[in-house]
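Student: Have a look at the structure that comes next, please.
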Amino acid sequence: MKLRSSTVLLTGASGGIGHALAREFAARGARLLLNGRDSARLGTLSVELRNGGAEVNVLPADLTGIEGIERLAHAALSGGTPDLVVHCADSFSVGCLETTSADEISRLWQTNVIAPSLLTRALLPSLRKQGRGRIVFVGSIFGSLGLPMYATYSATKFALRGLAEALRRELDGSGIGITYVAPRCSHTQLDDRRPERGPAARTDKTTRVAVRIADAIERDRRELYFGFGERCFVRLNAWFPWLVDRSLRAQTRRMRKFEPAIAGPQH
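Put into structure tokens, the structure is as follows:
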């Protein structure tokens, strides 16, 4: 699909990748419906994009509750059915499971899995009636590779990847495409909280991530994974998990020094 003149609903637009995606979509001529947790940052972004000639509507809604999700779906559909839905809202956390609070676990599952599931469910009837569209799930390399100290975050991203895969097959022949994106951690996710080395320590610039995601959408790609080394590590994990277990032992010991869990930002 072409982004020019398309209507795009983007969640997580106040976060690093979402922020960069909004700019990239606007540069490619899309009309934007933006949702994000940081209202001040979202407001600044919308003014910037409008000054650049983009058509932008901000749709405030709290994705941590069913009412907020339903409100967002209703607002998004009030002007017609979006051509593209991009689930980029994200909650991030580092820490071993036993020291992660129940509230933190609940927050990650709500933001990373339940919200995109319920929002997609609410939008699907209109998308089906329209007979075309694309839904993008921005996941993570952690959705294919469970790393120590990322148990909760990895679990949510594994679930999101499963949702995207199953939904792609469920919607086969409907005209609605599914794209699953697995970036490495972005600079805005980890920043200086990063104690480890190895696959989890490698980050990407959000602007570069946004360009590649936009390209993947316009090429109707089903999946986009970042990082050659990470892709190899995922394959190694699938075939020889015991080798990955062994290679991560030193990293696990090193990361245990940084307990309790270090919560990351929400977007």
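So that you can map any letter, position 114 of the sequence shown is 394 in our numbering, and since no number is skipped, the others follow by simple counting. Glycine included, each C-beta is placed from N, C-alpha and C at the ideal position. Being a predicted model, the structure only gives us computed values, none of them experimental.
1. Do the segment 285-303 and the segment 349-363 meet, that is, are 3 or more Cβ pairs less than 8 Å apart?
2. So the candidates are E450, V338, A518; which of them puts its Cα closest to the Cα of A293?
3. Considering only the beta carbon of each residue, do F372 and Y460 sit closer than 9 Å?
4. Spell out a yes or no on whether the segment 400-416 and the segment 380-390 are touching, meaning 3 or more CB-CB pairs, one atom from each, closer than 8 Å.
5. Evaluate contact between the segment 440-458 and the segment 403-413, counting only Cβ atoms and requiring at least three cross-stretch pairs below 8 Å.
6. State the Cα-Cα distance for the pair D484 and R308, rounded to the nearest angstrom.
7. In this structure, does DSSP put Y505 in helix, strand or coil?
8. Mind reading off the beta-carbon distance from G426 to R441? Whole number of angstroms is fine, and I expect it under 8 Å.
9. From the DSSP output, which residues share a beta bridge with Y460?
10. Pair every Cβ in the segment 520-529 with every Cβ in the segment 322-337, then say whether three or more of these pairs are closer than 8 Å.
11. In the segment 329-361, which residue ranges form an unbroken alpha helix (DSSP H) of at least 4 residues, counting only runs that do not cross its ends?
12. Could one say the Cβ of V366 lies closer than 9 Å to chain B's Cβ atoms, at least one of them?
13. Since D363 and M281 should fall inside the 8 Å C-beta cutoff, what is the C-beta to C-beta distance between them, to a whole number of angstroms?
14. Under the rule that 16 or more other beta-carbon atoms within 10 Å means buried, what is A320, buried or exposed?
15. Among the candidates L528, E445, L516, whose CA atom is the shortest distance from the CA of L276?
16. Is DSSP giving R317 helix, strand or coil here?
17. Can you check whether the CB of E304 is closer than 9 Å to the CB of A494?
18. Expressed to the nearest angstrom, what Euclidean distance is found between the alpha-carbon atoms of P405 and Q531?
19. As a quick exercise: from D452, W389, R317, pick the residue whose alpha carbon is nearest that of R408.
20. Would you give the residue range spanned by the beta strand (DSSP E) that V374 belongs to?
Tutor: With the structure as the only source:
1. yes
2. Taking the first residue of the sequence shown as position 1, residue 293 is located at position 13. The shortest Cα separation from A293 among E450, V338, A518 belongs to V338.
3. Here residue 372 refers to the residue found at position 92 of the sequence shown. Here residue 460 refers to the residue found at position 180 of the sequence shown. In this structure, Y460 does not lie closer than 9 Å to F372 by Cβ.
4. no
5. yes
6. Along the sequence shown, one-based indexing puts residue 484 at 204. Along the sequence shown, one-based indexing puts residue 308 at 28. The straight-line gap from Cα to Cα measures roughly 21 Å.
7. Residue mapping note: residue 505 aligns to position 225 of the sequence shown, counting from 1. Strand, per DSSP.
8. As a position in the sequence shown, residue 426 is number 146, starting the count at 1. As a position in the sequence shown, residue 441 is number 161, starting the count at 1. Contact doesn't hold; Cβ gap of about 12 Å is too wide.
9. Here residue 460 refers to the residue found at position 180 when the sequence shown is read from its first residue. BP columns for Y460 point to F417, E503.
10. no
11. 346-357
12. Protein chains in the displayed structure number just one, and chain B is not present.
13. Numbered from its first residue, the sequence shown carries residue 363 at position 83. Numbered from its first residue, the sequence shown carries residue 281 at position 1. The pair is a contact, with the Cβ atoms about 7 Å apart (cut-off 8 Å).
14. Numbered from its first residue, the sequence shown carries residue 320 at position 40. Flag for A320 reads exposed.
15. The structure shown does not extend to residue 276, since the chain is modelled only from 281 to 547, so the question has no answer here.
16. Taking the sequence shown and counting its residues from 1, the one referred to as residue 317 is at position 37. Coil, per DSSP.
17. Counting from 1 along the sequence shown, the entry for residue 494 is found at position 214. Counting from 1 along the sequence shown, the entry for residue 304 is found at position 24. Yes, the Cβ-Cβ distance between A494 and E304 is below 9 Å.
18. Position 125 of the sequence shown holds residue 405. Position 251 of the sequence shown holds residue 531. Approximately 46 Å, taken between the alpha carbons.
19. Residue numbering aside, residue 408 sits at position 128 when the sequence shown is read from its first letter. Nearest of D452, W389, R317 to R408, Cα basis: D452.
20. As a working mapping, residue 374 is identified with position 94 in the sequence shown. That run of the beta strand (DSSP E) goes 371-374.
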